[in-house]
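Residue numbers (the working numbering), protein chains in the order written: chain A, 29 to 288; chain B, 17 to 261.
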């Protein structure tokens, strides 16, 4: 069992959720998710692994209240996701960093405070800029940064309001393999310091195993859960974990499950 | 570099052709040589006349430009924030634009004064261009940015101020650039309805008295002023795109 958290907030419950998207020229539409159930405990890090188009991003968008389920129910802290986002209690990072090009790194990270109508906590921003290794770049604009640096800024922005739930939709999907590995190591370090309930969507088996407490493998259309694996590595995790035999075994095992 | 050279060469050829056609009377006496036009423009005795005319026209243009921009910006923002008003405001803008300003002139003359008609016609021209560019600009925020604001729980107004309005700045500035020549034309047309002075009045008077060189002076002044401000606004547009684009 991990260290006890200060507040036991941030449970996510997905109950028999189906999602159907309308499709031109087709009455049935596309069934992206079919009666999927998953519950995530407060402070747990769950990675969803699946092939492209398996509905894993749709799952995250339901939790983020960017989509509504066709059937079933999604709750965060027992409440509807749109109420939770209205309380500014969600943090999010997408594959597209979605930094505003007209704001500096500092102002991008301060944006959640302004959207929430709260006083901008300068010391929290300064700490986060340091934490994600952008100390010298607070006044830079996103276009002046590398892809990896933009994703760091976007993760700092996701964390700045100390959200109850962190939603990560392939945040490192557009990065090269080396940068991606570095970012995973950093995210692991950052996350270990806070342990916020996290839902990570990825198609990288290594990434899922290195970061998560539990890995959920999804099947292709319609999206269903194929397997769930509890990750046995203790935290904080050193990158050397990725070279262990146990890690390689799990990678092979999950890769096979993905290909099934 | 090569482009600049070719551009300069093109302008030089055009000016030389103007001079030659004028000197040889190739197109008759209504086409004076460039040197005659420039000579009159530089004539110290005529300077006060040109200054008064250009000053009056620029004042009307600037007023029309400001009012038109403000009206276009406000109506586009209101229509964006209150969707039920959107269709109505689109129609209003389209109708205003489809009425020729020549037809609006007499109405302004009755409702307003002779002095303010140029600015009014000018503002109508500007209004439509700014309204259209801001309306489309307010739709330009990317889906990823919209998603971000939704997840962070942004309300309608904060989404507008922090996302949609800044994302509309490049469109707005492009509109402002295109609106400047339209504003100037509006002011000149407006002057034809009896303004006491201005480039439009100079054009009409020169035409009626068959002062061909003076007519060309007035046209050259209008074109030069238009190009000068257009150039300035192009620089502003580049800056806006590099910051907000």
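We put the beta carbon where it would ideally sit given N, CA and C, even for glycine.
A quick note: this is a predicted structure, and the numbers were derived from the prediction, not measured.
Checklist entry - Looking only at DSSP bridge pairs, what is residue 256 of chain A linked to? => result Taking the first chain and counting its residues from 1, one reaches residue 256 of chain A at position 228. Partner(s): A:244.
Checklist entry - Using the C-alpha atoms, what's the distance from residue 40 of chain A back to residue 70 of chain A? => result Translated into the one-based positions of the first chain, residue 70 of chain A becomes position 42. Translated into the one-based positions of the first chain, residue 40 of chain A becomes position 12. Rounded to whole angstroms, residue 70 of chain A to residue 40 of chain A spans 8 Å at the Cα level.
Item to check | Closer than 8 Å at the beta carbon, the chain B residues around residue 178 of chain A | outcome: Along the first chain, one-based indexing puts residue 178 of chain A at 150. Ordered by position in chain B, no residue passes the 8 Å Cβ test against residue 178 of chain A, which lies about 12 Å from the chain.
Item to check | Proximal chain A residues relative to residue 164 of chain B, where beta-carbon distance stays under 8 Å | outcome: Start at 1 with the first residue of the second chain, and residue 164 of chain B comes out as number 148. Near residue 164 of chain B (Cβ distances below 8 Å), the residues of chain A are 120, 122 and 126.
Checklist entry - Quick one: is residue 44 of chain A buried, meaning 16 or more other Cβ sit within 10 Å of its Cβ, or exposed? => result The residue you call residue 44 of chain A lines up with position 16 of the first chain. So residue 44 of chain A ends up on the exposed side.
Next on the checklist: Just verifying my parser: in three-state terms, what is the DSSP assignment at residue 189 of chain B?
Outcome noted: Taking the first residue of the second chain as 1, we reach residue 189 of chain B at position 173. Three-state DSSP puts residue 189 of chain B in a helix.
Checklist entry - Mind listing which residues of the stretch 149 to 173 of chain B have their C-beta closer than 8 Å to chain A's C-betas, in chain order? => result 158, 160, 161, 163, 164, 165, 166, 167, 168, 169 and 170
Checklist entry - Helix, strand or coil: how does DSSP classify residue 103 of chain A here? => result Within the first chain, residue 103 of chain A is the residue found at index 75, counting from 1. Three-state DSSP puts residue 103 of chain A in a strand.
Checklist entry - Secondary structure at residue 150 of chain A, three-state DSSP: helix, strand or coil? => result As a working mapping, residue 150 of chain A is identified with position 122 in the first chain. Here residue 150 of chain A sits in helix by DSSP.
Next on the checklist: Within 10 Å of its beta-carbon, does residue 143 of chain B have 16 or more other beta-carbons around it, so buried, or fewer, so exposed?
Outcome noted: Along the second chain, read from residue 1 onward, the residue named residue 143 of chain B stands at position 127. Buried, because 16 or more other Cβ atoms sit within 10 Å of the Cβ of residue 143 of chain B.
Checklist entry - residue 94 of chain A CB to nearest chain B CB: under 7 Å? => result Looking up residue 94 of chain A in the first chain gives position 66. So yes, residue 94 of chain A belongs to the interface.
Next on the checklist: Using a 10 Å radius around the Cβ and a threshold of 16 neighbouring Cβ atoms, would you call residue 256 of chain A buried or exposed?
Outcome noted: Along the first chain, read from residue 1 onward, the residue named residue 256 of chain A stands at position 228. The residue in question, residue 256 of chain A, is exposed, as its Cβ has fewer than 16 Cβ neighbours within 10 Å.
Item to check | Residues that DSSP places opposite residue 76 of chain A in a beta bridge | outcome: Along the first chain, one-based indexing puts residue 76 of chain A at 48. Residue 76 of chain A pairs with A:229 and A:244.
Checklist entry - For the putative contact between residue 239 of chain A and residue 75 of chain A, defined by C-beta atoms under 8 Å, what is the C-beta separation to the nearest angstrom? => result Mapped onto the first chain, residue 239 of chain A falls at position 211. Mapped onto the first chain, residue 75 of chain A falls at position 47. Rounded, the Cβ-Cβ distance is 6 Å, consistent with contact.
Item to check | Where residue 157 of chain B falls: helix, strand or coil (DSSP) | outcome: On the second chain, residue 157 of chain B is found 141 positions in, with the first residue counted as 1. In the structure shown, residue 157 of chain B sits in coil (DSSP, three-state: anything other than H, G, I, E or B).
Checklist entry - Which residues in the same chain have their Cβ closer than 8 Å to the Cβ of residue 32 of chain A, if we skip the five residues on either side of it in sequence? => result On the first chain, residue 32 of chain A is found 4 positions in, with the first residue counted as 1. Bear in mind that a pLDDT of 40 at residue 32 of chain A, under 50, signals an unreliable position, so the number given afterwards is only what the model happens to contain. So no residue of the chain qualifies.
Next on the checklist: Quick check: is the beta carbon of residue 130 of chain A nearer than 7 Å to any beta carbon in chain B?
Outcome noted: Position 102 of the first chain, counted from the first residue, corresponds to residue 130 of chain A. At least one chain B Cβ lies under 7 Å of residue 130 of chain A.
Item to check | Minimum Cβ-Cβ distance from residue 182 of chain B to chain A less than 7 Å | outcome: Here residue 182 of chain B is taken as the residue at index 166 of the second chain, counted from 1. Yes - at least one Cβ of chain A is within 7 Å of the one on residue 182 of chain B.
Checklist entry - Under 7 Å between C-beta atoms, does residue 260 of chain A make it to chain B? => result As a working mapping, residue 260 of chain A is identified with position 232 in the first chain. No, no contact with chain B.
Next on the checklist: Using C-beta distances below 6 Å, list every residue in its chain close to residue 114 of chain B, excluding the 5 sequence neighbours before and after it, in chain order.
Outcome noted: Taking the second chain and counting its residues from 1, the one referred to as residue 114 of chain B is at position 98. Excluding positions up to five away in sequence, the list is empty.
Item to check | Beta-bridge pairing of residue 251 of chain A - partner residues as DSSP gives them | outcome: Start at 1 with the first residue of the first chain, and residue 251 of chain A comes out as number 223. For residue 251 of chain A, which the question treats as bridged, DSSP gives the partners A:61.
Item to check | Distance, residue 92 of chain B Cα to residue 188 of chain A Cα | outcome: Locating residue 188 of chain A in the first chain gives position 160, where the first residue counts as 1. Locating residue 92 of chain B in the second chain gives position 76, where the first residue counts as 1. So the alpha carbons of these two residues sit roughly 34 Å apart.
Checklist entry - Within 7 Å (strictly less), CB to CB, does residue 76 of chain A reach chain B? => result Locating residue 76 of chain A in the first chain gives position 48, where the first residue counts as 1. No, its Cβ sits nowhere closer than 7 Å to a Cβ of chain B.
Checklist entry - Between the stretch 139 to 158 of chain A and chain B, which residues of the former have CB atoms less than 8 Å from a CB of the latter, in chain order? => result 139, 140, 142, 143, 144 and 145
Item to check | Range of the contiguous alpha helix (DSSP H) that encloses residue 144 of chain A | outcome: For the purposes of this step, residue 144 of chain A is identified with residue 116 of the first chain, where counting begins at 1. Run containing residue 144 of chain A: 133 to 144, per the alpha helix (DSSP H) assignment.
Checklist entry - Which two residues bound the contiguous alpha helix (DSSP H) that contains residue 121 of chain B? => result Looking up residue 121 of chain B in the second chain gives position 105. 117 to 127 is the span of the alpha helix (DSSP H), which, as asked, contains residue 121 of chain B.
Item to check | Pair within 7 Å by beta-carbon distance, residue 50 of chain B and residue 25 of chain B | outcome: Reading the second chain from its first residue, position 34 is the one you call residue 50 of chain B. Reading the second chain from its first residue, position 9 is the one you call residue 25 of chain B. Cβ distance not < 7 Å, so residue 50 of chain B and residue 25 of chain B don't count as in contact.
Checklist entry - Quick one: what does DSSP say residue 42 of chain B is sitting in, helix, strand or coil? => result Here the question's residue 42 of chain B lines up with position 26 in the second chain. Three-state DSSP puts residue 42 of chain B in coil, outside helix and strand.
Next on the checklist: Determine, for residue 30 of chain B, whether the minimum Cβ-Cβ distance to residues of chain A falls below 7 Å.
Outcome noted: The residue given as residue 30 of chain B occupies position 14 in the second chain. Cβ-Cβ to chain A under 7 Å: no for residue 30 of chain B.
Next on the checklist: Whole angstroms are fine: how far does the CA of residue 72 of chain A sit from the CA of residue 35 of chain A?
Outcome noted: The count along the first chain starts at 1 and reaches residue 35 of chain A at position 7. The count along the first chain starts at 1 and reaches residue 72 of chain A at position 44. With a pLDDT of 46 at residue 35 of chain A, under the threshold of 50, the modelled position of this residue cannot be trusted, and the question is left open.
Next on the checklist: residue 236 of chain B and residue 70 of chain B - do their beta-carbons sit closer together than 7 Å?
Outcome noted: Here residue 70 of chain B corresponds to residue number 54 of the second chain, with the count starting at 1. Here residue 236 of chain B corresponds to residue number 220 of the second chain, with the count starting at 1. Not a contact, by the Cβ cut-off of 7 Å.
Checklist entry - Skipping 5 residues on each side, what residues in its chain have a beta carbon closer than 7 Å to that of residue 222 of chain B? => result Taking the second chain and counting its residues from 1, the one referred to as residue 222 of chain B is at position 206. For residue 222 of chain B, where only same-chain residues beyond five positions count, the Cβ hits under 7 Å are 230, 231 and 234.
Next on the checklist: For residue 212 of chain A, tell me which candidate among A:233, A:113 and A:87 has the shortest Cα-Cα distance.
Outcome noted: By 1-based counting over the first chain, the position of residue 212 of chain A is 184. The shortest C-alpha separation from residue 212 of chain A is found at A:233.
Checklist entry - residue 251 of chain A and residue 83 of chain A: beta carbons closer than 7 Å? => result Taking the first residue of the first chain as position 1, residue 251 of chain A is located at position 223. Taking the first residue of the first chain as position 1, residue 83 of chain A is located at position 55. Yes, the Cβ-Cβ distance between residue 251 of chain A and residue 83 of chain A is below 7 Å.
Checklist entry - With distances taken between CB atoms, is the gap from residue 245 of chain A to residue 202 of chain A smaller than 7 Å? => result Here residue 245 of chain A refers to the residue found at position 217 when the first chain is read from its first residue. Here residue 202 of chain A refers to the residue found at position 174 when the first chain is read from its first residue. Cβ distance not < 7 Å, so residue 245 of chain A and residue 202 of chain A don't count as in contact.
Next on the checklist: List, in chain order, every chain B residue whose beta-carbon is nearer than 8 Å to that of residue 115 of chain A.
Outcome noted: Position 87 of the first chain, counted from the first residue, corresponds to residue 115 of chain A. Residues of chain B passing the Cβ test: 169.
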